[in-house]
Amino acid sequence: MTQHQDPETPGIDPASLVFLPLGGAGEIGMNLNLYGCDGKWLMVDLGITFADDTMPGIDLLTPDPSWIADRAEDLVGLVLTHAHEDHLGAVPHLWPELECPVYATPFAAALLRRKLSEFGLEGEVPIHELRPDEALALGPFRITPVGLTHSIPEMRALSIETRHGRVLHTGDWKLDPDPLVGPASDLAALERLGDEGVLALVCDSTNALSPGTSGSEADVRRHLIDLVAKQTGRVAIATFASNVARVETVGEVAKATGRRLCIVGRSLHRITEVSRECGYLGGMPDLVDERDVGYLPREEVLLLCTGCQGEPRGAMARIAGDTHPNITLAPGDTTIFSSKIIPGNERTLFALHNLLASRGIEVLTEKDAPIHVSGHPCRDELAEMYRIVRPQIAVPVHGEARHLISHAALARSLGVGEAVVTRNGHAVRLSPGRPAIVAEVPAGRLAVDGEDLVLPDGPVLRTRRRLMRNGAVFVTLALDGKGLPMGEPMIALSGVAEDDDGALAGEAGEAVLSAVRRLSNADRNIDEMVEDAARRAVRRMFRGLNGRRPIVEVHLVRMTGVKAA
Numbered sequence: 001m002t003q004h005q006d007p008e009t010p011g012i013d014p015a016s017l018v019f020l021p022l023g024g025a026g027e028i029g030m031n032l033n034l035y036g037c038d039g040k041w042l043m044v045d046l047g048i049t050f051a052d053d054t055m056p057g058i059d060l061l062t063p064d065p066s067w068i069a070d071r072a073e074d075l076v077g078l079v080l081t082h083a084h085e086d087h088l089g090a091v092p093h094l095w096p097e098l099e100c101p102v103y104a105t106p107f108a109a110a111l112l113r114r115k116l117s118e119f120g121l122e123g124e125v126p127i128h129e130l131r132p133d134e135a136l137a138l139g140p141f142r143i144t145p146v147g148l149t150h151s152i153p154e155m156r157a158l159s160i161e162t163r164h165g166r167v168l169h170t171g172d173w174k175l176d177p178d179p180l181v182g183p184a185s186d187l188a189a190l191e192r193l194g195d196e197g198v199l200a201l202v203c204d205s206t207n208a209l210s211p212g213t214s215g216s217e218a219d220v221r222r223h224l225i226d227l228v229a230k231q232t233g234r235v236a237i238a239t240f241a242s243n244v245a246r247v248e249t250v251g252e253v254a255k256a257t258g259r260r261l262c263i264v265g266r267s268l269h270r271i272t273e274v275s276r277e278c279g280y281l282g283g284m285p286d287l288v289d290e291r292d293v294g295y296l297p298r299e300e301v302l303l304l305c306t307g308c309q310g311e312p313r314g315a316m317a318r319i320a321g322d323t324h325p326n327i328t329l330a331p332g333d334t335t336i337f338s339s340k341i342i343p344g345n346e347r348t349l350f351a352l353h354n355l356l357a358s359r360g361i362e363v364l365t366e367k368d369a370p371i372h373v374s375g376h377p378c379r380d381e382l383a384e385m386y387r388i389v390r391p392q393i394a395v396p397v398h399g400e401a402r403h404l405i406s407h408a409a410l411a412r413s414l415g416v417g418e419a420v421v422t423r424n425g426h427a428v429r430l431s432p433g434r435p436a437i438v439a440e441v442p443a444g445r446l447a448v449d450g451e452d453l454v455l456p457d458g459p460v461l462r463t464r465r466r467l468m469r470n471g472a473v474f475v476t477l478a479l480d481g482k483g484l485p486m487g488e489p490m491i492a493l494s495g496v497a498e499d500d501d502g503a504l505a506g507e508a509g510e511a512v513l514s515a516v517r518r519l520s521n522a523d524r525n526i527d528e529m530v531e532d533a534a535r536r537a538v539r540r541m542f543r544g545l546n547g548r549r550p551i552v553e554v555h556l557v558r559m560t561g562v563k564a565a
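Letter by letter, the sequence shown follows residues 1 to 565 of UniProt numbering.
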């Protein structure tokens, strides 16, 4: 049978069923998943990830949606599995490129509306709220949500039915028998899907290397109550703002230990407000305004703070640096980091821990006490999911390469016939025929730079990186009507070398004058020639001095009708 292929993407047959991740495969975070069938595309999740210190001035990264944006007329909709930033945080940044309807549970929709209002998009993005178990027909896709437990309310796996068969896209999940916020995972619904037949399971791989189970939030609550009850000073607990189950746990800790709870950090206030609007956190105690904390005895205060990963603008970093306008900690106080240390954040976070410890403030982490459980399945839970669902094909996602490879091996060991390890940009044909990677499309990242999106390896960030490594020299040079220098150039050094007495600036000025005077009369009347000569002279000087190659900006002032003295 002749295959009809996408003319712009050879290998993708529009009539086949294709899974195409543009984010979240080969990495943790920044999820963007596409399903293609009969020439139409369904998007599942659209999230962000956090930048590292190789991208100066950048906090957030989004997937590059260019490939699907070029086919936006065939995009039937975006369905969000849940309200975590790595699954919906890119919507305000990228929706204008897509302009598709968005489908979300009431909790995710409420949080998304708040984010959109900050971008001036409130009312522009068509958001449709999905009731629990409400089926949705979008083009060739029939989608039924399935409730799974996670660290945030209303996590929904998606049963995606097509004429080729059913795909179960899990999103983030775990099998917590006592989740505390929201119901336990709907195992009965999973059993039904398994009985009816599942072609492919596209599944969370975050903890595929971790044996056993992820643990229960109920256990964390008991341990935190015991731990806080032993402290005599102020206690500050840092956690992920989006971990609603942990927010409720800290509220229960406050009540059990007789402490007054104060929430510190904008994102925590936002998630608390949205949770209450949607019927969660009903048992939270009355909160103390952070401006009133100083009036309370230290042993009566419990702080719930943002910044559990050491983020410079998080509440905990500002408190540790004693720069927070309302909250202070002192020797004898305790900080509890009720969160996982995300790989890549170690240096920043350990610097924060050391700063707190140097001030006589005790620091406790998950390494010291069982005060955190993951929201993602460990190997025993993955095995249980495969036992229940019994898919023909396993497609691990939401993990780095070693997570995906380990997950695929586990699936095969459990009797799954096919397991495909993919990465961003690889199109996986799920049906007809054996699953295979049939094409590779452009996939990458965009950096959020204020209100703009820029390429991580583009000119803006290349210039910033060079400034960080080599610094900059700014040269202002006045020339007379014949192109001869008038007096000494003005030289400003930034991040190039120590120059307290101005000697280096003077030496750079002499290098500029010498280079310009060596030019011919004709060349001195051409701005580009003068600027290039000055720039080369300064770079040559600093390369010989300390091996640096600074950015050199030259500003010329031509004084027509005036001769040099």
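Think of the CB as a built atom: it goes at the ideal place given N, C-alpha and C, for glycine as much as any other residue.
Cβ shell of P211 (< 8 Å), same chain only, five flanking positions each side left out: What you label residue 211 is simply residue 211 of the sequence shown in a count that begins at 1. Within the same chain, P211 has close Cβ partners C378, R379 and D380.
- prompt: Expressed to the nearest angstrom, what Euclidean distance is found between the alpha-carbon atoms of R462 and A315?
  reply: Locating residue 462 in the sequence shown gives position 462, where the first residue counts as 1. Locating residue 315 in the sequence shown gives position 315, where the first residue counts as 1. Their Cα atoms are separated by approximately 30 Å.
query: Who pairs with D490 in a beta bridge, going by DSSP?
result: To locate residue 490, count along the sequence shown from 1; it is residue 490. Per the sequence shown, residue 490 should be read as Met rather than Asp. Answer by DSSP bridge pairing, in chain order: T476.
Member of A51, P10 and L32 whose CA lies at the smallest distance from the CA of F19: For this step, residue 19 is matched to residue 19 along the sequence shown. Here the closest residue by C-alpha is L32.
- request: Ignoring anything shorter than 3 residues or poking outside the segment 402-457, list the beta strand (DSSP E) runs there in chain order.
  value: 426-431, 436-440, 445-449 and 452-454
task: Indicate whether D178 and S216 have their beta-carbon atoms separated by less than 8 Å.
output: Start at 1 with the first residue of the sequence shown, and residue 178 comes out as number 178. Start at 1 with the first residue of the sequence shown, and residue 216 comes out as number 216. Closer than 8 Å, so yes.
field: For H169, three-class secondary structure by DSSP
entry: Taking the first residue of the sequence shown as 1, we reach residue 169 at position 169. It is a strand residue.
Spatial distance of S16 from G139 (CA atoms): Numbered from its first residue, the sequence shown carries residue 16 at position 16. Numbered from its first residue, the sequence shown carries residue 139 at position 139. Each residue's alpha carbon lies about 14 Å from the other.
- prompt: When the Cα atoms are used, what is the spatial distance from G332 to A208?
  reply: By one-based count along the sequence shown, residue 332 stands at place 332. By one-based count along the sequence shown, residue 208 stands at place 208. Roughly 39 Å between the two C-alpha positions.
query: Can you name the residues that DSSP bridges to T162?
result: By one-based count along the sequence shown, residue 162 stands at place 162. According to DSSP, T162 bridges with G165.
- prompt: Are there 16 or more other CB atoms within 10 angstroms of the CB of N521, so buried, or fewer, so exposed?
  reply: Here the question's residue 521 lines up with position 521 in the sequence shown. Classification of N521: exposed, given that the 10 Å Cβ count is below 16.
- request: Would you kindly report the start and end of the unbroken alpha helix (DSSP H) that includes T144?
  value: In the sequence shown, the residue the question calls residue 144 occupies position 144. No alpha helix (DSSP H) holds T144; the beta strand (DSSP E) holding it covers F141 to G147.
query: Which two residues bound the contiguous alpha helix (DSSP H) that contains R387?
result: Here the question's residue 387 lines up with position 387 in the sequence shown. Run containing R387: R379 to V389, per the alpha helix (DSSP H) assignment.
- request: Could you spell out the range, first to last residue, of the alpha helix (DSSP H) harbouring V79?
  value: By one-based count along the sequence shown, residue 79 stands at place 79. Per DSSP, V79 belongs to no alpha helix (DSSP H); it is in the beta strand (DSSP E), L75 to V79.
field: Which of helix, strand or coil DSSP assigns to R549
entry: Numbered from 1 along the sequence shown, position 549 holds the residue referred to as residue 549. Here R549 sits in coil by DSSP.
field: Proximity below 8 Å, CB of A409 to CB of Y386
entry: Residue 409 sits at position 409 when you count from the first residue of the sequence shown. Residue 386 sits at position 386 when you count from the first residue of the sequence shown. It is not a contact, given that the beta carbons lie outside the stated cut-off.
message: Taking the alpha helix (DSSP H) that I225 belongs to, which residues open and close that run?
response: If you number the sequence shown from 1, residue 225 lands on position 225. Here the alpha helix (DSSP H) through I225 covers E217 to A229.
query: Just checking my contact of S431 with G165 at CB under 8 Å: how many whole Å lie between their CB atoms?
result: Taking the first residue of the sequence shown as position 1, residue 431 is located at position 431. Taking the first residue of the sequence shown as position 1, residue 165 is located at position 165. S431 to G165, Cβ: 6 Å. Contact.
- request: Let me know if P485 comes out buried or exposed under the rule of 16 or more other beta-carbons within 10 Å of its beta-carbon.
  value: Along the sequence shown, read from residue 1 onward, the residue named residue 485 stands at position 485. When all chains shown are included, P485 counts as buried.
query: In whole angstroms, what is the alpha-carbon distance linking E553 and D480?
result: Residue numbering aside, residue 553 sits at position 553 when the sequence shown is read from its first letter. Residue numbering aside, residue 480 sits at position 480 when the sequence shown is read from its first letter. The straight-line gap from Cα to Cα measures roughly 20 Å.
- prompt: With DSSP run on the structure shown, which of helix, strand or coil describes D45?
  reply: Working through the sequence shown from its first residue, we reach residue 45 at position 45. In the structure shown, D45 sits in a strand (DSSP, three-state: E or B).
message: Just list the residues that DSSP pairs G26 with in beta bridges.
response: Walking along the sequence shown from the start, residue 26 turns up at place 26. According to DSSP, which records beta bridges pairwise, G26 is partnered with E400.
field: Any 3 or more C-beta pairs closer than 8 Å across the segment 111-125 and the segment 134-149
entry: no
task: Go through its chain and collect everything with a Cβ distance to P56's Cβ below 8 Å, but skip five positions before and after it.
output: Counting from one through the sequence shown, the residue named residue 56 turns up at place 56. Within the same chain, P56 has close Cβ partners L461, R464, R465, L467 and M468.
query: DSSP on Y35, reduced to helix/strand/coil?
result: Residue numbering aside, residue 35 sits at position 35 when the sequence shown is read from its first letter. Reduced to three states, the DSSP call for Y35 is strand.
task: Determine the contact status of C203 and A394, defining contact as a CB-CB distance below 8 Å.
output: The count along the sequence shown starts at 1 and reaches residue 203 at position 203. The count along the sequence shown starts at 1 and reaches residue 394 at position 394. Contact: yes.
- request: Note down the Cα distance separating I225 from N345, rounded to an integer number of angstroms.
  value: Residue 225 sits at position 225 when you count from the first residue of the sequence shown. Residue 345 sits at position 345 when you count from the first residue of the sequence shown. Each residue's Cα considered, the two are about 27 Å apart.
message: Report the CB separation of L446 from T170 in whole angstroms; it is logged as a contact under 8 Å.
response: Translated into positions along the sequence shown, residue 446 becomes position 446. Translated into positions along the sequence shown, residue 170 becomes position 170. Their Cβ separation, rounded to whole angstroms, is 26 Å, which puts L446 and T170 out of contact at 8 Å.
- request: Flag this pair as yes or no: are the beta carbons of L304 and I263 separated by less than 8 Å?
  value: To locate residue 304, count along the sequence shown from 1; it is residue 304. To locate residue 263, count along the sequence shown from 1; it is residue 263. Contact flag set, yes.
Neighbourhood of I127 by C-beta distance below 6 Å, restricted to the same chain and skipping five residues each side: Here residue 127 is taken as the residue at index 127 of the sequence shown, counted from 1. Excluding positions up to five away in sequence, the list reads V102 and A109.
query: According to DSSP, what are the bridge partners of D499?
result: Stepping through the sequence shown from its first residue, residue 499 is reached at position 499. Answer is none; D499 lacks a bridge partner.
- request: Answer with buried or exposed for Y35, where buried requires no fewer than 16 other C-beta atoms within 10 angstroms of its C-beta.
  value: As a working note, residue 35 is residue 35 in the sequence shown. So Y35 counts as buried.
query: For L329, does the three-state DSSP call read helix, strand or coil?
result: Residue numbering aside, residue 329 sits at position 329 when the sequence shown is read from its first letter. In the structure shown, L329 sits in coil (DSSP, three-state: anything other than H, G, I, E or B).
task: Give the range of the beta strand (DSSP E) segment to which D86 is assigned.
output: Looking up residue 86 in the sequence shown gives position 86. Not the beta strand (DSSP E): D86 falls in the alpha helix (DSSP H), residues E85 to L88.
- request: Leaving out five residues on either side along the sequence, give the residues of the same chain with a beta carbon under 8 Å from the beta carbon of G389.
  value: Locating residue 389 in the sequence shown gives position 389, counting from the first residue. This sequence places Val at residue 389; Gly is not what is there. Cβ neighbours of V389 beyond the five flanking positions: L168, L190, L193, G194, V198 and L201.
Integer-rounded CB distance, given that D74 should sit under 8 Å from W41: Numbered from 1 along the sequence shown, position 41 holds the residue referred to as residue 41. Numbered from 1 along the sequence shown, position 74 holds the residue referred to as residue 74. The Cβ separation is near 5 Å, so the contact holds.
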